[in-house]
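Protein chains: 2
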Amino acid sequence: MASAVAPPTAGAGRRIVVAVDEGDESTYALTWCLANVVSPAGGDTLVLVHARRPRPVYAAIDSSGYMMTSDVLASVERHAHAVSAAAVDKAKRLCAEHPHVKVETLVESGDPRDVICDAADKVGADLLVMGSHGYGFIQRAFLGSVSNHCAQNCKCPVLIVKRPKE
Amino acid sequence: MASAVAPPTAGAGRRIVVAVDEGDESTYALTWCLANVVSPAGGDTLVLVHARRPRPVYAAIDSSGYMMTSDVLASVERHAHAVSAAAVDKAKRLCAEHPHVKVETLVESGDPRDVICDAADKVGADLLVMGSHGYGFIQRAFLGSVSNHCAQNCKCPVLIVKRPKE
Numbered sequence: 001m002a003s004a005v006a007p008p009t010a011g012a013g014r015r016i017v018v019a020v021d022e023g024d025e026s027t028y029a030l031t032w033c034l035a036n037v038v039s040p041a042g043g044d045t046l047v048l049v050h051a052r053r054p055r056p057v058y059a060a061i062d063s064s065g066y067m068m069t070s071d072v073l074a075s076v077e078r079h080a081h082a083v084s085a086a087a088v089d090k091a092k093r094l095c096a097e098h099p100h101v102k103v104e105t106l107v108e109s110g111d112p113r114d115v116i117c118d119a120a121d122k123v124g125a126d127l128l129v130m131g132s133h134g135y136g137f138i139q140r141a142f143l144g145s146v147s148n149h150c151a152q153n154c155k156c157p158v159l160i161v162k163r164p165k166e
Numbered sequence: 001m002a003s004a005v006a007p008p009t010a011g012a013g014r015r016i017v018v019a020v021d022e023g024d025e026s027t028y029a030l031t032w033c034l035a036n037v038v039s040p041a042g043g044d045t046l047v048l049v050h051a052r053r054p055r056p057v058y059a060a061i062d063s064s065g066y067m068m069t070s071d072v073l074a075s076v077e078r079h080a081h082a083v084s085a086a087a088v089d090k091a092k093r094l095c096a097e098h099p100h101v102k103v104e105t106l107v108e109s110g111d112p113r114d115v116i117c118d119a120a121d122k123v124g125a126d127l128l129v130m131g132s133h134g135y136g137f138i139q140r141a142f143l144g145s146v147s148n149h150c151a152q153n154c155k156c157p158v159l160i161v162k163r164p165k166e
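Which chain is which? The protein sequence lines are B and G, in order.
Note that UniProt numbering numbers the first sequence so that position 59 is 59, with each residue one more than the last.
Note that UniProt numbering numbers the second sequence so that position 135 is 135, with each residue one more than the last.
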């Protein structure tokens, strides 16, 4: 064996970070991880990480150029919070079906690429699990693939799960 | 649960493809997979896939422009075969320490990106495991990252394992 560093072992206190968003692919990635990676004997901790989108700067001006009122901005903000909370709640409900797994959550505002990589570093992840898409077509076109970025930049192993087409 | 497709389950006859080359990162990826993904209860099959580099066209002419003799070409070919065989043998020895895992091997000539993705499709892989590099700096510069390509193009989940620096 060429490497002097021993890998972690299933169930021996591994910390598995799962990137969670409101999409079906993220849900499938979490389900796949629970069925295939998490030790059925217990001992693993799942850290559900969600990147809340920061309020974009242009949100203060609507498409016709008028300033939005603070009421409208507050409503946009409330909606974003509700979407985030729903995504994290759904993930926690899925985890609750596996009582042998400890679950933690971490929600941060920012670019999902940075939030996810930083979270993996911060919690000392043994593995990062994520869907291959997530965060929508438009954002992907501007940001590049979140999963590609994480696969290249995170220090831990990265598992990219695609939702089957059928 | 949003997805109608149920993911495979640990130990229930999963087919896990591991990309094998002569590098340490590939060895670490296989070790990581054996310790963290393969079910200790048995039932999984590891398919070790190795892409043998095709003999490059320019090999017939050496740097000073002289044709190489068929003896030299045969010797280059023998060396490539020996490197391939050593990589696969090393991987099989690592697997032999886990007698509950069934092991198959698949060696094909060609661009590693195509060989690995095609193999994953052909064997109906439930998971593809690979190192993040492999295949050398020069080839990576020309071909792009093999793992990036597979993460984008393989239909199954892809686990990219980096060897820790320490």
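Note that CB positions come from ideal geometry on N, CA and C, so glycine has one too.
Note that this is a predicted model, so its numbers are computed, not measured.
Classify residue i: buried if its beta carbon has 16 or more other beta carbons within 10 angstroms, exposed otherwise.
i	result
Asp71(G)	exposed
Thr69(G)	exposed
Ser132(G)	buried
Pro112(G)	buried
Lys122(G)	exposed
Ala4(G)	In this predicted model, Ala4(G) has a pLDDT of only 48, less than 50, meaning its place in the structure is not dependable enough to derive any value.
Asn148(B)	buried
Ala74(B)	exposed
Ser109(G)	exposed
Ala91(G)	buried
Ala125(B)	buried
Pro7(G)	buried
Ala2(B)	For Ala2(B), the pLDDT reaches just 41, beneath the cut-off of 50, and the residue's location in the model is therefore unreliable, although a value from the coordinates is still provided. Classification for Ala2(B): exposed.
Asp89(G)	exposed
Using a Cβ cut-off of 8 Å, pull out every chain G residue sitting near residue i, in sequence order please.
i	result
Ser147(B)	Ala151
Leu46(B)	By Cβ distance, chain G contributes nothing, its closest Cβ being about 14 Å from Leu46(B), past 8 Å.
Between the options, which has its C-alpha nearest residue i's C-alpha?
i	options	result
residue 255(B)	Pro164(B), Val158(B), Leu73(B)	Any question about residue 255(B) goes unanswered here, given that chain B covers just 1 to 166.
Leu30(B)	Val17(B), Ala41(B), Gly42(B)	Val17(B)
Leu128(G)	Pro40(G), Ala86(G), Arg15(G)	Arg15(G)
Ser26(G)	Glu77(G), Ala51(G), Asp111(G)	Ala51(G)
Ala120(G)	Arg163(G), Val49(G), Gly13(G), Gly23(G)	Val49(G)
Ser145(G)	Leu73(G), Asp114(G), Ser109(G), Glu108(G)	Asp114(G)
Leu106(G)	Gly23(G), Cys117(G), Asn153(G), Ser75(G)	Cys117(G)
Ala12(G)	Ala41(G), Cys33(G), Pro54(G)	Ala41(G)
Lys162(G)	Pro7(G), Tyr28(G), Cys156(G)	Tyr28(G)
Ala86(G)	Gly23(G), His100(G), Ala125(G)	Gly23(G)
Asn153(G)	His79(B), Pro7(B), Asp126(B), Pro164(B)	Pro164(B)
Glu104(G)	Asp44(G), His81(G), Val76(G), Ser84(G)	Asp44(G)
His81(G)	Met130(G), Pro54(G), Ser39(G)	Pro54(G)
His100(B)	Ser39(B), Val47(B), Cys156(B)	Ser39(B)
His98(G)	Lys155(G), Leu46(G), Asp21(G)	Leu46(G)
Cys33(B)	Lys155(B), Leu94(B), His79(B)	Leu94(B)
Asp21(G)	His79(G), Cys156(G), Ser84(G)	Ser84(G)
Taking C-beta pairs closer than 9 Å, name the residues in chain B that residue i reaches, listed in chain order.
i	result
Ala87(G)	Near Ala87(G) there are no residues of chain B at all, since even the closest Cβ is about 12 Å away, more than 9 Å.
Got a sec, what are the start and stop residues for the beta strand (DSSP E) residue i sits in?
i	result
Lys102(G)	102-109
Ala51(B)	45-52
Val123(B)	First-last for Val123(B): undefined, no H or E at that position.
Would you kindly report the start and end of the unbroken alpha helix (DSSP H) that includes residue i?
i	result
Arg93(G)	70-96
His149(B)	146-153
Thr31(G)	24-36
Arg15(B)	From DSSP, Arg15(B) is part of no alpha helix (DSSP H) but of the beta strand (DSSP E) over 15-19.
Could you work out which residues of chain B lie near residue i, taking near to mean beta carbons separated by less than 8 Å?
i	result
Val17(G)	By Cβ distance, chain B contributes nothing, its closest Cβ being about 14 Å from Val17(G), past 8 Å.
I think residue i touches residue j, with their Cβ atoms under 8 Å apart; what is that distance to the nearest whole Å?
i	j	result
Thr9(G)	Ala96(B)	About 18 Å separates the two Cβ atoms, so there is no contact after all.
Ala151(G)	Ile160(B)	5 Å
By the criterion of Cβ-Cβ separation under 7 Å, what are the contact partners of residue i in chain G?
i	result
Lys122(B)	By Cβ distance, chain G contributes nothing, its closest Cβ being about 17 Å from Lys122(B), past 7 Å.
Lys162(B)	Lys155, Pro157
Please compile the residues from chain B whose C-beta is within a distance smaller than 7 Å of the C-beta of residue i.
i	result
Val83(G)	Within chain B, no residue comes near Val83(G); the closest Cβ sits about 15 Å away, beyond 7 Å.
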